[in-house]
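**Student:** After the structure tokens below, expect a handful of questions from me.
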Amino acid sequence: MADKTLTARDVVSRLESGMTIGIGGWGSRRKPMALVREILRSDLKDLTVVSYGGPDVGLLCAAGKVRKVVFGFVSLDSIALDPHFRAARQNGAVEVAEYDEGMLQWGLYAAGIRLPFLPTRAGLGSDVLKHNPDLKLVQDPYGTEQLVAMPPLRLDAALVHMNRADAQGNGQFLGPDPYFDDLYCLAADQAFMSCERIVPTAELSAAGHSATIKINRQLVAGVVETPNGAHFTSCAPDYERDEAFQREYVKAAGDPQAWAKFEQRYLSGTEDDYQAAVAARAEEVA
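Taking the numbering used here, the leading residue of the sequence shown gets 13, the next gets one more, and so forth.
Next comes the structure, spelled out in structure tokens:
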């Protein structure tokens with residue numbers, strides 16, 4: 013079986029401006045932040061980002077990389093809204109398509125199994141239909157109920173982060189929730205997975221039940237080992253969210269001068285520079 017190991021730079025070199033990119037994880041949990049930071053260092057632009065969003069969406073909006081966001085929410089979990097996304101939306105800097113969380117899941121699944129739509133009750137009776145006027149209703153062919161016809165959310169590429177993976181592209185989550193990372197991979201023309209550690213395949217089975225090996229190698233084009241690569245989001249049980257860093261991120265986002273200093277300290281160099289700055293900060297506040 014092919015060795016699919018890549019670097020983060022390799023992954024981003026396979027992306028193009030204007031692409032629709034799905035980003036796995038959930039809010040401020042298990043986001044492929046090392047890959048997101050590599051996009052920040054690139055000249056990619058005009059991206060459509062599909063996400064149960066967190067700081068992935070916020071950072072890409074702040075950097076002017078995003079044309080449109082397709083989302084169920086954009087939250088930092090312990091902080092209600094990502095400030096950069098809020099500013100981008102309030103200023104009309106990005107287009108948006110806001111769906112119910114279940115609708116977003118159904119759209120990814122429809123794309124993954126190559127269906128033109130999937131019927132759902134999610135969104136009925138809400139302003140989702142008002143703000144997405146292109147959505148259609150369909151009638152149950154066996155009864156009288158009307159349902160939302162959720163269209164597929166086809167992705168040019170997907171980025172996900174897992175706790176463990178092997179070099180062939182099998183990915184394992186060890187925390188409490190797989191989120192919908194497998195659906196992102198299924199819906200994408202090419203999927204790239206970062207992970208805390210690349211291990212021999214046998215170690216995946218030893219570390220947890222086979223159900224935790226959620227990402228199948230057939231769906232994955234490349235694997236990147238990025239220790240602490242979800243920071244500052246959580247990657248349980250390897251580490252929890254860095255709440256203090258997240259608060260610093262939010263505070264800096266509210267002031268242009270503070271944000272410039274934040275960018276200079278954390279985002280102006282390589283991933284190794286980022287991790288070194290994070291480690292230095294941890295020592296300062298210890």
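Positions of the beta carbon are idealized from the N, C-alpha and C atoms, including for glycine. All figures in this text were calculated on a predicted structure; none of them were measured in a lab.
Would Q151 be called buried (16 or more neighbouring beta carbons within 10 Å of its own) or exposed?
**Tutor:** exposed
**Student:** Within 10 Å of its beta-carbon, does M162 have 16 or more other beta-carbons around it, so buried, or fewer, so exposed?
**Tutor:** buried
**Student:** Here's the rule I'm using: 16 or more other beta-carbon atoms within 10 Å means buried, otherwise exposed. How should R49 be labelled?
**Tutor:** buried
**Student:** Output yes or no for whether 8 Å exceeds the beta carbon distance between P249 and E208.
**Tutor:** no
**Student:** Could you have a look at G220 and say whether DSSP puts it in helix, strand or coil?
**Tutor:** In the structure shown, G220 sits in coil (DSSP, three-state: anything other than H, G, I, E or B).
**Student:** Between the alpha carbons of R293 and G181, how many angstroms are there, rounded?
**Tutor:** 33 Å
**Student:** Between the stretch 202-217 and the stretch 140-148, do three or more beta carbon pairs fall short of 8 Å?
**Tutor:** no
**Student:** Looking at P212 and D189, is the spacing between their C-beta atoms short of 8 Å?
**Tutor:** no
**Student:** Determine the burial state of Q16: buried for a count of at least 16 other Cβ atoms within 10 Å of its Cβ, exposed for fewer.
**Tutor:** For clarity, residue 16 is Lys in the given sequence; the question names Gln instead. Here K16 is buried, its C-beta having at least 16 other C-beta atoms within 10 Å.
**Student:** Tell me, which residues are paired with T213 by DSSP?
**Tutor:** Looking at the DSSP assignment, T213 forms no beta bridge with any residue, so it has no partner.
**Student:** Using DSSP with H/G/I as helix, E/B as strand and the rest coil, what is P67?
**Tutor:** The three-state secondary structure of P67, taken from DSSP, is helix.
**Student:** Measure the C-alpha to C-alpha separation of L167 and V81 and round it to an integer number of angstroms.
**Tutor:** 13 Å
**Student:** Would DSSP call F274 helix, strand or coil?
**Tutor:** helix
**Student:** Whose C-alpha, out of L141, V172, P164 and D139, is nearest the C-alpha of G308?
**Tutor:** This structure cannot settle anything about residue 308, because the visible part of the chain is limited to 13 through 298.
**Student:** Write down the C-beta distance between L27 and L56 rounded to the nearest angstrom, noting that I regard them as a contact closer than 8 Å.
**Tutor:** 6 Å
**Student:** In chain order, what residues of the same chain lie with their CB nearer than 6 Å to the CB of Y64, ignoring the 5 residues before and after it?
**Tutor:** W38 and G84
**Student:** Compare the C-beta of Q287 against all C-beta atoms of chain B and say whether one is closer than 8 Å.
**Tutor:** In summary, chain B is missing from the structure at hand, where a single protein chain is found.
**Student:** One question on the structure: do A233 and Q269 come within less than 8 Å of each other, judged by their Cβ atoms?
**Tutor:** no
**Student:** I need the boundaries of the alpha helix (DSSP H) containing L195, first residue and last residue.
**Tutor:** D193 to A199
**Student:** Select from A75, R53 and F244 the residue whose C-alpha is nearest the C-alpha of S25.
**Tutor:** R53
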